[in-house]
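Trainee:
2 protein chains.
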Amino acid sequence: MALSNDLLLRVANRQSVERPPVWLMRQAGRILPEYRALREKVQGFKNLVENPELVCEVTLQPVRALGVDAAILFSDILVVPEAMGLPYQMVESKGPWFENTIDSPSDLSNLQIVDPEASLGFVLDGVKLIKGELNDSIPLIGFAGAPWTIFVYMVEGRGSKTFSKAKAFLYRHPEASHKLLSMITEATIAYLKAQIKAGVNLIQLFDSWAGILSPEQYALFSMPYISRICNAIDEVPKTVFPKGAFFARQALSEINCNVIGLDWNMDIAETKQIVNGRKALQGNLDPCVLYAEASVVKSETLKMLRAFGKDHIANLGHGVYPDTPLDNVKCFVDTVKEFAYTGE
Amino acid sequence: MALSNDLLLRVANRQSVERPPVWLMRQAGRILPEYRALREKVQGFKNLVENPELVCEVTLQPVRALGVDAAILFSDILVVPEAMGLPYQMVESKGPWFENTIDSPSDLSNLQIVDPEASLGFVLDGVKLIKGELNDSIPLIGFAGAPWTIFVYMVEGRGSKTFSKAKAFLYRHPEASHKLLSMITEATIAYLKAQIKAGVNLIQLFDSWAGILSPEQYALFSMPYISRICNAIDEVPKTVFPKGAFFARQALSEINCNVIGLDWNMDIAETKQIVNGRKALQGNLDPCVLYAEASVVKSETLKMLRAFGKDHIANLGHGVYPDTPLDNVKCFVDTVKEFAYTGE
Chain A
241 MALSNDLLLR
251 VANRQSVERP
261 PVWLMRQAGR
271 ILPEYRALRE
281 KVQGFKNLVE
291 NPELVCEVTL
301 QPVRALGVDA
311 AILFSDILVV
321 PEAMGLPYQM
331 VESKGPWFEN
341 TIDSPSDLSN
351 LQIVDPEASL
361 GFVLDGVKLI
371 KGELNDSIPL
381 IGFAGAPWTI
391 FVYMVEGRGS
401 KTFSKAKAFL
411 YRHPEASHKL
421 LSMITEATIA
431 YLKAQIKAGV
441 NLIQLFDSWA
451 GILSPEQYAL
461 FSMPYISRIC
471 NAIDEVPKTV
481 FPKGAFFARQ
491 ALSEINCNVI
501 GLDWNMDIAE
511 TKQIVNGRKA
521 LQGNLDPCVL
531 YAEASVVKSE
541 TLKMLRAFGK
551 DHIANLGHGV
561 YPDTPLDNVK
571 CFVDTVKEFA
581 YTGE
Chain B
241 MALSNDLLLR
251 VANRQSVERP
261 PVWLMRQAGR
271 ILPEYRALRE
281 KVQGFKNLVE
291 NPELVCEVTL
301 QPVRALGVDA
311 AILFSDILVV
321 PEAMGLPYQM
331 VESKGPWFEN
341 TIDSPSDLSN
351 LQIVDPEASL
361 GFVLDGVKLI
371 KGELNDSIPL
381 IGFAGAPWTI
391 FVYMVEGRGS
401 KTFSKAKAFL
411 YRHPEASHKL
421 LSMITEATIA
431 YLKAQIKAGV
441 NLIQLFDSWA
451 GILSPEQYAL
461 FSMPYISRIC
471 NAIDEVPKTV
481 FPKGAFFARQ
491 ALSEINCNVI
501 GLDWNMDIAE
511 TKQIVNGRKA
521 LQGNLDPCVL
531 YAEASVVKSE
541 TLKMLRAFGK
551 DHIANLGHGV
561 YPDTPLDNVK
571 CFVDTVKEFA
581 YTGE
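Chains as they are written, first to last, in this note's numbering: chain A, 241 to 584; chain B, 241 to 584.
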């Protein structure tokens with residue numbers, strides 16, 4: 241089961257590497273013409289996500305096109321709330337929409353305990369197909385939303401500018417909030433363990449809405465549940481990406497995860513000082529750099545690599561934007577792959 | 241010209257006060273039934289903004305209803321790009337929309353130098369009416385958008401999730417970006433000086449989109465222009481509110497402003513340590529606290545007041561959300577007004 245390219249896992253496990261591994265959040269998606277062509281044929285995002293063969297195909301597209309050092313499962317964090325009993329639709333150019341939401345504490349009684357083998361088999365079958373196709377070449381990253389981010393969708397029912405419905409729920413119903421977050425946490429642990437059993441080599445928790453909480457609320461309503469998930473999983477390394485939660489870096493460096501994902505707001509030198517060598521770091525080039533000329537993409541990527549130094553997984557600070565020129569994505573990947581750590 | 245309540249100006253000037261002054265960003269607006277009633281009668285947001293009598297009326301509504309310690313001019317940061325030659329519409333429930341945008345460096349030649357007396361007289365007339373009505377009771381706050389935030393609207397033409405068009409412009413056209421930011425800066429200085437001449441007692445720069453830049457880009461493309469404005473204005477105290485730019489607190493504490501506005505992401509104790517007594521601080525209660533029960537509003541407000549201590553202007557960490565219960569807004573204001581600094 242040894243992988244021919246295990247750079248990602250070696251960095252996550254704090255072993256030495258010749259150069260940083262590189263992959264991109266949202267590498268499987270609209271930046272690739274082959275993905276756009278597939279979307280022309282398959283109407284509806286969920287018809288992709290729920291079909292294991294298509295999940296496999298879309299996951300592998302960027303591996304072939306870009307030569308990245310890791311594949312990431314093509315799926316959606318919202319399959320978890322759906323499995324808990326809140327079905328959603330993906331509305332073209334608008335985003336997710338839940339018909340039913342958690343409006344009051346009594347709505348929690350409508351939620352179900354998740355058996356991933358029963359309700360999320362399409363993901364697990366996809367993982368098995370991908371692993372077969374990858375044939376031990378590179379690692380496969382599994383993922384889930386962090387409990388707070390899933391909570392936001394379950395309460396808001398869609399994206400938001402202010403997230404005031406979800407945040408108001410925390411202030412109005414702190415006990416029910418903790419209960420719901422615990423339920424999401426248990427579902428997420430079961431789901432990630434099933435992904436690992438099916439073959440993923442590392443898991444990433446996306447706390448996409450981390451940055452809308454105050455430091456105090458984050459410490460109360462997000463961090464403990466992330467920590468509980470990290471403690472429950474010891475089979476593979478764990479990455480946590482707390483988008484916008486600059487204030488959580490210290491606490492994250494003290495929980496049982498292996499890698500902290502950084503967005504482009506987080507200064508590299510300052511973060512290294514805060515994390516103080518306790519975790520590997522992933523990120524964090526501004527995705528908008530990839531709109532510049534190739535020479536700028538290259539120089540900004542090199543600047544980032546030098547600022548991070550070792551124990552670094554090269555990535556953007558956010559998912560790559562759909563209209564990014566593909567040549568610049570390739571330039572970013574190639575610049576990392578041509579980089580080599582020097583002697584010291 | 242002495243004001244009977246000059247708490248705000250005393251804190252901005254670092255003089256001692258018995259209790260913190262309190263006002264709310266967006267206090268003039270949809271939280272007030274009298275504002276909503278007026279909007280029923282006057283169709284279109286811009287028909288309010290461009291009418292000095294209505295500007296005066298809307299500015300004074302929260303002063304009467306809430307008993308706040310400062311009035312803030314009711315207007316829109318987008319009157320500046322409009323005066324520069326890019327007219328906008330306010331689309332109901334969608335936000336601002338510019339028919340023409342800055343798409344390439346050559347578009348800069350279409351922009352005009354702003355003469356505020358000629359093109360922004362409706363604001364200045366509004367200020368004079370408000371000053372007459374306030375009759376030296378409390379200070380009037382004038383404001384403008386920070387140059388980077390105005391730049392975003394001029395390039396994007398509307399709000400955005402990723403702001404990738406504006407950010408891409410910085411990476412693709414750094415020289416033209418600096419030229420445009422300089423033009424906005426000059427227009428803003430002229431506009432703020434005209435507001436001051438008309439009677440405002442303090443000015444606030446809103447850098448609403450500060451948080452979408454990397455620390456490095458912020459240092460290059462936002463901070464120098466904010467600093468230039470602060471250096472150009474010495475008639476009244478200056479507040480800078482860099483929404484989301486937690487990384488800019490150190491630099492802001494070293495420029496020629498008097499008050500730094502904080503959003504609710506910025507930890508109070510940490511910020512005090514960074515700013516180290518060099519500036520007064522404004523903020524920063526999470527606006528979503530005002531959705532909780534009154535007892536929580538009160539306890540969270542008191543916790544904030546105690547954490548800041550002196551040299552503090554009480555406010556939310558963002559504009560008050562339109563659906564906030566008015567009684568809770570009053571509870572917030574009253575809690576501050578009943579607070580008193582103790583001996584030490």
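C-beta atoms are modelled at their ideal positions from N, C-alpha and C, and glycine is treated no differently.
1. Report yes or no: is there a C-beta of chain B within less than 8 Å of the C-beta of A/Asp526?
2. When you compare the CB positions of B/Leu525 and B/Thr541, do they come within less than 8 Å of one another, or not?
3. By DSSP's criteria, B/Phe338 is part of a beta bridge. Which residues make up the other side?
4. Based on the DSSP secondary-structure assignment, which residues constitute the bridge partners of B/Thr479?
5. Do you know offhand how far B/Val251's Cα is from B/Val257's?
6. Thinking just about the alpha-carbon of each residue, which of B/Leu326, B/Ile429, B/Ala323 and B/Glu297 is nearest to the one in B/Leu278?
7. Is the Cβ of B/Glu584 closer than 8 Å to any Cβ of chain A?
8. Answer yes or no: do B/Val589 and B/Ala554 have a C-beta to C-beta separation smaller than 8 Å?
9. Comparing C-alpha positions only, which one of A/Val392, A/Pro414 and A/Ala305 sits nearest to A/Gly269?
10. Comparing the C-beta of A/Trp449 with each C-beta of chain B, is any distance below 8 Å?
11. Identify which residue in B/Pro379, B/Phe548 and B/Met506 has its Cα closest to the Cα of B/Arg245.
12. Within the continuous beta strand (DSSP E) that includes B/Gln522, where are the two ends?
13. The segment 477 to 492 of chain B: which residues have C-beta closer than 9 Å to a C-beta of chain A, in chain order?
14. At 3 residues or longer, what runs of the beta strand (DSSP E) sit wholly inside the segment 332 to 402 of chain B?
15. Please go through the same chain and pick out, in chain order, the residues whose beta-carbon is closer than 7 Å to the beta-carbon of B/Leu351, but skip the five residues on each side of it.
16. Hey, quick one: how far does the alpha helix (DSSP H) through B/His418 stretch, first residue to last?
17. If you run the structure through DSSP and keep just helix, strand and coil, what is B/Glu584?
18. For B/Gly439 and B/Val367, what's the separation of their Cα atoms in angstroms?
19. Can you tell which of A/Ile500, A/Tyr465, A/Ser315 and A/Tyr458 has its C-alpha closest to the C-alpha of A/Phe383?
20. Output the boundary residues of the alpha helix (DSSP H) element that contains A/Ile553.
21. Closer than 7 Å, Cβ to Cβ, to anything on chain A: give me those residues from the segment 497 to 511 of chain B, in chain order.
22. DSSP has A/Val319 in a bridge; who is on the other side?
23. Are three or more beta carbon pairs between the segment 345 to 365 of chain B and the segment 443 to 454 of chain B nearer than 8 Å?
24. Below 9 Å between beta carbons is the criterion; list the residues of the segment 563 to 579 of chain B that meet it against any residue of chain A, in chain order.
25. Who are A/Val262's beta bridge partners in DSSP?
26. Anyone know if the C-beta pair for A/Val392 and A/Ala406 falls short of 8 Å?
27. Give me the DSSP bridge partner(s) of A/Ala509.
28. Measure the C-alpha to C-alpha separation of A/Arg254 and A/Phe403 and round it to an integer number of angstroms.
29. Is DSSP giving B/Ala218 helix, strand or coil here?
30. Have a look at B/Tyr411, B/Leu530, B/Asp343 and B/Asp447 and flag the residue whose alpha-carbon is nearest the alpha-carbon of B/Glu396.
31. Give the secondary structure of A/Ser244 by DSSP, where H, G and I count as helix, E and B as strand, and everything else as coil.
32. Using a beta-carbon distance cut-off of less than 9 Å, what residues from the segment 386 to 402 of chain B approach chain A?
33. So, are the CB atoms of A/Pro482 and A/Ile271 less than 8 Å apart?
34. So with Cβ pairs under 8 Å, would you call A/Ala459 a contact of chain B?
35. Quick check on the DSSP output: the alpha helix (DSSP H) that includes B/Glu297 runs from which residue to which?
Mentor: If we stick to the structure as given:
1. yes
2. yes
3. B/Tyr328
4. B/Gln444 and B/Val499
5. 7 Å
6. B/Glu297
7. Reliability of the predicted coordinates at B/Glu584 is poor, the pLDDT of 49 falling under 50, and no value is obtained from them.
8. Shown here, chain B extends from 241 to 584; a query on residue 589 of chain B therefore has no answer.
9. A/Ala305
10. no
11. Going by the sequence as given, residue 245 of chain B is Asn instead of Arg. For the residues B/Pro379, B/Phe548 and B/Met506, the minimum Cα distance to B/Asn245 belongs to B/Pro379.
12. Ala520 to Leu525
13. Gly484, Ala485, Phe486 and Phe487
14. 335 to 338 and 380 to 385
15. Met324, Gly325 and Met423
16. Pro414 to Ala438
17. Residue placement at B/Glu584 is poorly supported in this model, since its pLDDT is 49, which falls under 50; the coordinates are not used for a value here.
18. 6 Å
19. A/Ser315
20. Here A/Ile553 belongs to no alpha helix (DSSP H); instead the beta strand (DSSP E) covers His552 to Leu556.
21. Trp504, Asn505 and Asp507
22. Answer is none; A/Val319 lacks a bridge partner.
23. no
24. Asp563 and Thr564
25. A/Ala554
26. yes
27. Answer is none; A/Ala509 lacks a bridge partner.
28. 37 Å
29. For residue 218 of chain B there is no data in the structure shown, the boundaries of chain B being 241 and 584.
30. B/Asp343
31. coil
32. Gly399, Lys401 and Thr402
33. no
34. no
35. Pro292 to Leu306
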